[in-house]
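Residue numbers (the working numbering), protein chains in the order written: chain A, -8 to 562; chain B, -7 to 155. All C-beta atoms in this analysis are idealised placements derived from N, C-alpha and C, irrespective of residue type, glycine included. In what follows, a structure is listed as structure tokens, so that the remarks can point back to it.
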């Protein structure tokens, strides 16, 4: 039976298990949207800006392990997706972006709302397609989902001219894909695995760096087995938070530019680094010239191009992390590494890293700590980018995969609100906290309307310091306090929330924090809290730009009085 | 590690935009491309691409891996260290008068090149060979005055049986 291109697209999406689509309509996707009501099993969430659609699809994907889907019309609709696609690409998030295109006879004529979106997204997609005939559509969708969700995941864009959506052809959904040029290595080379295991068995001061690849591969059990069997301490990259429970005695928390001082010391002192599902990002390694100077490096990753890209690697294993770890755990000896672990415990004691200043003002770290206490960690935390992100990464205790969702690679301010929407839509049973900065929040603030229209119960905490805070911190430390254009005039966020029919509350004092969080959690729908915090609070620890992890700066001890996270929380 | 010229050969799908994907990758990752030649291969639907890149071996290994990640690239290998046949073709339009034409023809003969076009004040020479040969001929013809040059860039295959 013949079907239109639009019907074929919808039915293909259903075949791929799609339940939710984030998008905005426009001329070049009208045939598609006109068809959508025929398929009530596809829930469409109308966003207010296409960037919001892409971030929501990304947040949905990170929370559910399923490809997120977003739709935009041609021209400006498609170009508005670009930041969200680039963001998903940098953080290996599976996404299928569908764009309308002007009708085939108009392509290349600079027609109204025409943009070369396949050309534009070439370097920021895992692959992209421009569909020139409705007969290609079903196979293209099948391939797009396969590419997006396998190997190292990533975004795939499908550009569909308006008249292709209207064209009627026979619909046959293919059983398999034919992609001779697409390959990924699932199982690690057994010889390499054995060699790596030997290095691990011989190491005196081994350290695991656990990245987002563990979460993607759902290898947290295998990681835990490796760490426990050989008693190897674990540090996380930013996006690796949640891959290993931070309340575990072997967890050293986050490493990197704003990582724990003792975690960075562990990296610099280790004699063997086992880097798993991570790509040696410069924010994690700091200056690679001085990175892990005493260590051999075992690198496990599914993407061969990541091996040796940023740092030298002694023992690469290309493969799916879960399979590699399963094989490797059989080759690993039980060890205790008592000297090494007690050394690390001493550093943890001497360099607390999470202590905060005694201050009468409301401190942002305290806000994050109290959200953790109130939720007992049973929440998905979705952050913006900058200071709010780093405090959320540091002062919350992540124990479960997919509990920390953040823009790591691209560092996209404004990611938080739409990504939180996506996460909540994907996991309606979970409490989702959107931790926003006052700067980034205003970059996608329009999605408050999406929240109300679609009744999405996210809890929003604005860490409002009246600055583009991380930039201000750099101006303070590296540009002699010249705060050029980082001070923000802000609207009344509570009034803004009210205008969007979302209840809100402003918190200026310490004693108001816990009741406000409780109020937000008790409320059935979305809720906004504007935390007006100490304006010039800095994120510590910190590695100055260009420095190595050995140069981690800590908060001056004289300023510390309040000690928050204590060892008693450890299992 | 020193910068050396590496020859990469890639078998790619013959689809619209594939050349753009490859070129875009080189630009985006700031890889230094010396030449790129592409044409149909022995298999229908597939083209063979020869890319000459300069860089140390770590850079070139990164180029190879990144190329291999492109969905439309079936296979890519660095054949620099292998026993290969590598050729490029150049067309050289050189000034020629009645008095210099025979001298040019002698040089062309020595290089086993061909004259493919003659006019009253120029000849066009077609030469095939490795880059050194093409360069040497160009050098010799330079004294007559070269009007135009175009080159294909290197194409290469490994010698002997294909695995």
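Which residues in chain A sit within 8 angstroms of residue i, going by Cβ to Cβ distance?
| i | result |
| --- | --- |
| residue 54 of chain B | 296, 299 and 300 |
Against chain B, with Cβ distances strictly below 8 angstroms, would residue i count as a contact?
| i | result |
| --- | --- |
| residue 531 of chain A | no |
| residue 118 of chain A | yes |
| residue 173 of chain A | yes |
Terminal residues of the continuous alpha helix (DSSP H) containing residue i?
| i | result |
| --- | --- |
| residue 126 of chain B | 123 to 133 |
| residue 133 of chain A | 128 to 140 |
| residue 313 of chain A | 312 to 320 |
| residue 569 of chain A | Residue 569 of chain A lies beyond the stretch modelled for chain A, which goes from -8 to 562, so this question has no answer here. |
| residue 20 of chain B | 10 to 20 |
| residue 336 of chain A | 329 to 341 |
| residue 41 of chain A | 41 to 55 |
| residue 35 of chain B | First-last for residue 35 of chain B: undefined, no H or E at that position. |
| residue 191 of chain A | 181 to 193 |
For residue i, write down the residues that DSSP places opposite it in a beta bridge.
| i | result |
| --- | --- |
| residue 150 of chain A | A:90 and A:121 |
| residue 478 of chain A | A:458 |
| residue 424 of chain A | A:372 and A:450 |
| residue 11 of chain A | A:34 |
| residue 0 of chain B | B:43 and B:70 |
| residue 287 of chain A | A:263 |
| residue 101 of chain B | Paired residues: none, contrary to the question. |
| residue 114 of chain B | B:87 |
| residue 242 of chain A | A:225 |
| residue 518 of chain A | A:450 |
| residue 81 of chain B | B:120 |
| residue 61 of chain A | A:13 and A:88 |
| residue 306 of chain A | A:289 |
So is residue i in contact with chain A if we call contact Cβ pairs under 8 angstroms?
| i | result |
| --- | --- |
| residue 40 of chain B | no |
| residue 24 of chain B | no |
| residue 61 of chain B | yes |
| residue 98 of chain B | no |
| residue 144 of chain B | no |
| residue 131 of chain B | no |
| residue 85 of chain B | no |
| residue 35 of chain B | no |
| residue 123 of chain B | no |
| residue 156 of chain B | Missing from the structure shown is residue 156 of chain B; chain B here goes from -7 to 155 and no further. |
| residue 57 of chain B | yes |
| residue 29 of chain B | no |
| residue 140 of chain B | no |
| residue 50 of chain B | yes |
| residue 5 of chain B | yes |
| residue -4 of chain B | no |
Applying a beta-carbon distance threshold of less than 9 angstroms, which residues of chain B neighbour residue i?
| i | result |
| --- | --- |
| residue 170 of chain A | 63 |
Going along chain C in order, which residues have a C-beta closer than 9 angstroms to the C-beta of residue i?
| i | result |
| --- | --- |
| residue 113 of chain A | Judged by its chain identifiers, the structure shown contains no chain C, and its protein chains are A and B. |
Would you mind telling me which residues of chain B sit closer than 8 angstroms to residue i, beta carbon to beta carbon, in chain order?
| i | result |
| --- | --- |
| residue 138 of chain A | 63 |
So residue i contacts chain A; which residues on that side make the cut at Cβ distance below 9 angstroms?
| i | result |
| --- | --- |
| residue 78 of chain B | Within 9 angstroms Cβ-Cβ: nothing; residue 78 of chain B doesn't reach chain A, min ~24 angstroms. |
Taking the beta strand (DSSP E) that residue i falls in, what are its first and last residues?
| i | result |
| --- | --- |
| residue 198 of chain A | 197 to 201 |
| residue 82 of chain A | Where residue 82 of chain A is concerned, there is no enclosing beta strand (DSSP E), given that its DSSP letter is neither H nor E. |
| residue 299 of chain A | Neither: residue 299 of chain A is in no beta strand (DSSP E) and is coded neither H nor E. |
| residue 496 of chain A | 495 to 498 |
| residue 1 of chain A | Premise fails: residue 1 of chain A lies in the alpha helix (DSSP H), -4 to 6, not in any beta strand (DSSP E). |
| residue 142 of chain B | 138 to 143 |
| residue 52 of chain B | Looking at the DSSP string, residue 52 of chain B is not in any beta strand (DSSP E); the run it does join, the alpha helix (DSSP H), is 49 to 61. |
Taking Cβ-Cβ distances shorter than 7 angstroms, what residues in chain A pair up with residue i?
| i | result |
| --- | --- |
| residue 66 of chain B | 171 and 172 |
Ignoring anything shorter than 4 residues, give me the alpha helix (DSSP H) runs that lie fully in the region 383 to 423 of chain A, in order along the chain. 407 to 417
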